[in-house]
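Asks:
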Ligand code: HEM
Ligand code: FES
């Protein structure tokens, strides 16, 4: 690959500054001339869209925090005050509420993209691990955010999820009281959840930069899954991707605006507009939609510790993806059997999501067990077997070859 | 500066002086970090006012046989049920082999007060409040309590019988001050 030669800055102030802190050269290198594979498609736009969602969450969150009160007696009313009295408070809150859903939609698609096109394979393992870590932090952030309005679903969701820690033998009970800062979910819990809910997104933002750092070291993959072989295979980031990304972000914002303005409670639970009541468990506790597949897996076995371990494993397994799918062909497009397995896996994840919202009774319990077995079988049985027995289709010689030979 | 080839003798063995200094400083540093970390970690535990084992007196004279009330103690709901003769019989006659968390009924009530069952009303699965306190509530397959969250059933001694709950509902510390009053805590 060609090595980068920094430009000479003509403007003398720019040049003076850049000699002392090469920020302008850095942006030039990474946002203007940065080489990207010429064949990447719209599935590669979900990363930048996730970054936009993070910015939306940070901005709306900081403004909400100017009015929100983390006190069990006041929290619910302070959110209602944001909705009714604070100027544009309804907009800030609906952006933040629906922004969480948007963030998860985008990140999940971003990750399925990676699973299909083999983005976790060498040399992108570290990039992938940072991504999985960001998902973990997002899950915790969204969970704690949902507790803040102190509705009845906030309270009971917090109770059920923090109680997962009690499954750990021996230290479970002291651990959960340490998390609560009390003998039950109470004022200290709400207070610290607000502190962490403010802190975690900042850590996520920092990790997003590390994610970009790793990306720019190894460069983007592409739908063919073959390496960049020379300048003929790439185009500069600007103007090609700046324009394409802006176009895509606009479409995402239109989609997002539909929910914010026309169906702002589409993803919400009515029980969370009832103030928290420590004496009344809602008849049917359901988490937000983006947790449903994991919530289903939690209920797959008739053992408390077993359920918790399975649920953790369902996310942790993503870390070892580079060692489970060892096929040297990155892109699913050249793997006829893998493609089938992949789409069955996607359907299974959606099915688990649906099951997670059902009551804990038959036939759902049995269906959850079947879907959970399929989920883990994909990782531990299907992928390793495919690597052994599948015969991939022939790969093109280079990224530019199919284009130039067709012309 | 000390010579890198210097050695030091500890318990009859010789080590390079530099290694000794490096491991020593790192070890001491790690111990220091752990010492400083503890106040931060411990600050998150329940504070002294939360911890103060508040006691609570409850007058139970108005609870009719077959009825139950819920009181709050330490931020937790406590179930007080006035059991019927058949409730008690059912609880006492259940063989221990049928229990997940084997405990006799006698271990869960006070002698002479078998009609009173007093337990913390928090499901041992993931902390929901089981139903069964109010007359119209479902009481589960064992005539005690039913937790709607993930379907745990408790019997008339509040012992876990079916579903994911691993343990019986906890019995809080309490005593009878007289036949009408109990003190929890
Ligand atoms: C990773 C990014 C973030 C995610 C996924 C997230 C998620 C959420 C969720 C799901 C809620 C509950 C919404 C509701 O039911 O009303 C919430 C509430 C809240 N969040 Fe965030 N959040 C993020 C970043 C932030 C940031 C950076 C702040 C700034 C301090 C913040 C401040 C708040 C406040 C004050 C509330 C309570 C008000 C309300 O309920 O609308 N959030 N968050
Ligand atoms: S919390 Fe009671 S069954 Fe899960």
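Protein chains in written order, with UniProt numbering: chain A, 1 to 407; chain B, 1 to 185.
Backbone N, C-alpha and C define an ideal beta-carbon position, used for all residues, glycine too.
Would you say residue 1 of chain A lies against chain B (beta-carbon separation less than 9 Å)?
Replies: In this prediction, residue 1 of chain A has a pLDDT of 47, which is less than 50 and means its spatial position is unreliable; what the coordinates show is noted afterwards. No, its Cβ sits nowhere closer than 9 Å to a Cβ of chain B.
Asks: In terms of residues, what are the limits of the alpha helix (DSSP H) holding residue 218 of chain A?
Replies: Run containing residue 218 of chain A: 187 to 218, per the alpha helix (DSSP H) assignment.
Asks: Hey, out of A:335, A:274, A:117, A:358, whose CA is closest to residue 387 of chain A's CA?
Replies: For the residues A:335, A:274, A:117, A:358, the minimum Cα distance to residue 387 of chain A belongs to A:335.
Asks: Can you check which of these residues, A:368, A:381, A:215, A:279, is closest to residue 119 of chain A by C-alpha distance?
Replies: Cα-wise, what sits closest to residue 119 of chain A is A:215.
Asks: What residues in its chain sit with their C-beta under 6 Å from that of residue 318 of chain A, if we drop five residues either side in the sequence?
Replies: Excluding positions up to five away in sequence, the list reads 132.
Asks: For the ligand ZN, which residues count as neighbours when the test is a C-beta closer than 5 Å to any heavy atom?
Replies: Absence of the ligand ZN from the depicted structure is noted, with the ligand HEM and the ligand FES being the only ligands included.
Asks: Closest to residue 55 of chain A by C-alpha separation, out of A:163, A:99, A:274, would be which residue?
Replies: Nearest option by C-alpha distance: A:99.
Asks: When DSSP labels each residue in this structure, what does residue 182 of chain A get in the three-state scheme?
Replies: It is coil, neither helix nor strand.
Asks: If you run the structure through DSSP and keep just helix, strand and coil, what is residue 293 of chain A?
Replies: The answer is helix: DSSP assigns residue 293 of chain A an H, G or I state.
Asks: Taking Cβ-Cβ distances shorter than 7 Å, what residues in chain A pair up with residue 74 of chain B?
Replies: The answer, in chain order, is 183.
Asks: Express the C-alpha separation of residue 81 of chain B and residue 114 of chain B in angstroms, rounding to a whole number.
Replies: Each residue's alpha carbon lies about 11 Å from the other.
Asks: By the 10 Å Cβ neighbour count, where 16 or more other Cβ atoms means buried, how is residue 87 of chain B classified, buried or exposed?
Replies: Answer is buried; the Cβ neighbour count reaches 16.
Asks: With burial defined as no fewer than 16 other Cβ atoms inside 10 Å of the residue's Cβ, what is the status of residue 290 of chain A: buried or exposed?
Replies: Buried: at least 16 other Cβ atoms inside 10 Å.
Asks: With three or more beta-carbon pairs closer than 8 Å as the criterion, would you say the stretch 26 to 37 of chain B touches the stretch 46 to 65 of chain B?
Replies: Result no; under three Cβ-Cβ pairs closer than 8 Å.
Asks: Suppose only complete runs of 4+ residues qualify. What are the alpha helix (DSSP H) ranges in the stretch 16 to 91 of chain A, listed by chain order?
Replies: You should have 23 to 27, 46 to 65, 75 to 84.
Asks: Could you tell me whether the Cβ of residue 101 of chain A comes closer than 9 Å to any Cβ of chain B?
Replies: Not one chain B Cβ lies under 9 Å of residue 101 of chain A.
Asks: Please state whether DSSP places residue 311 of chain A in a helix, a strand or coil.
Replies: If DSSP states are grouped into helix, strand and coil, residue 311 of chain A belongs with the helices.
Asks: For residue 313 of chain A versus residue 376 of chain A, is the C-beta distance shorter than 9 Å?
Replies: Yes, the Cβ-Cβ distance between residue 313 of chain A and residue 376 of chain A is below 9 Å.
Asks: In angstroms, rounded to a whole number, what distance separates the CA positions of residue 371 of chain A and residue 128 of chain A?
Replies: Distance between the alpha carbons of residue 371 of chain A and residue 128 of chain A is about 25 Å.
Asks: Would you mind telling me which residues of chain B sit closer than 8 Å to residue 307 of chain A, beta carbon to beta carbon, in chain order?
Replies: What residue 307 of chain A touches in chain B: 164.
Asks: Could you give the DSSP three-state label for residue 407 of chain A: helix, strand or coil?
Replies: Residue placement at residue 407 of chain A is poorly supported in this model, since its pLDDT is 46, which falls under 50; the coordinates are not used for a value here.
Asks: Applying the 10 Å Cβ sphere with the 16-neighbour rule, what's the burial state of residue 60 of chain A?
Replies: So residue 60 of chain A ends up on the buried side.
Asks: So, is residue 144 of chain B buried or exposed, given that buried needs 16 or more other C-beta atoms within 10 angstroms?
Replies: Answer is buried; the Cβ neighbour count reaches 16.
Asks: Do residue 170 of chain B and residue 124 of chain B have their C-beta atoms closer together than 9 Å?
Replies: Contact flag set, yes.
Asks: Is it buried or exposed for residue 255 of chain A, if we count other Cβ within 10 angstroms and need 16 for buried?
Replies: Exposed.
Asks: Could you give the DSSP three-state label for residue 183 of chain B: helix, strand or coil?
Replies: In this structure, residue 183 of chain B counts as strand in the three-state DSSP scheme.
Asks: Using a Cβ-Cβ cut-off of 6 Å (strictly less than) and excluding sequence neighbours within five positions of residue 407 of chain A, which residues of its own chain qualify?
Replies: Low per-residue confidence applies at residue 407 of chain A: pLDDT is 46, beneath 50, and the placement is therefore not dependable, though the value from the model is reported in the following sentence. Closer than 6 Å at the Cβ level, and outside the excluded window around residue 407 of chain A, lies no residue.
Asks: Could you tell me which residues DSSP pairs with residue 8 of chain B in its beta bridges?
Replies: Paired residues: B:15.
Asks: For residue 1 of chain B, collect the residues of the same chain with a Cβ closer than 7 Å to its Cβ; drop the 5 residues on either side in sequence, then sort them by chain order.
Replies: Note that residue 1 of chain B scores 48 on pLDDT, short of 50, meaning its location in the model is unreliable; the coordinates nonetheless yield the value given after this. There are no such residues.
Asks: Do residue 92 of chain A and residue 64 of chain A have their C-beta atoms closer together than 9 Å?
Replies: For residue 92 of chain A and residue 64 of chain A, yes; Cβs fall inside 9 Å.
Asks: Are there three or more Cβ pairs, one per stretch, closer than 8 Å when the stretch 90 to 108 of chain B is compared with the stretch 156 to 174 of chain B?
Replies: Contact holds: three or more Cβ-Cβ distances are below 8 Å.
Asks: Decide if residue 12 of chain A is buried, meaning its Cβ has at least 16 other Cβ atoms within 10 Å, or exposed.
Replies: Residue 12 of chain A comes out exposed.
Asks: Could you say which of B:78, B:15, B:178, B:101 lies nearest to residue 117 of chain B if we only look at CA atoms?
Replies: Checking every option, the nearest Cα to that of residue 117 of chain B belongs to B:78.
Asks: Answer with yes or no whether the minimum CB distance from residue 186 of chain B to chain A is below 9 Å.
Replies: Since the first and last residues shown for chain B are 1 and 185, residue 186 of chain B lies out of range.
Asks: Answer yes or no: does any C-beta atom of chain A fall closer than 9 Å to that of residue 1 of chain B?
Replies: Bear in mind that the predicted position of residue 1 of chain B carries a pLDDT of just 48, short of 50, making it too unreliable to give a figure here.
Asks: From this set, A:380, A:333, A:325, A:383, which residue's C-alpha is nearest residue 125 of chain A's C-alpha?
Replies: For residue 125 of chain A, the nearest C-alpha among the options comes from A:325.
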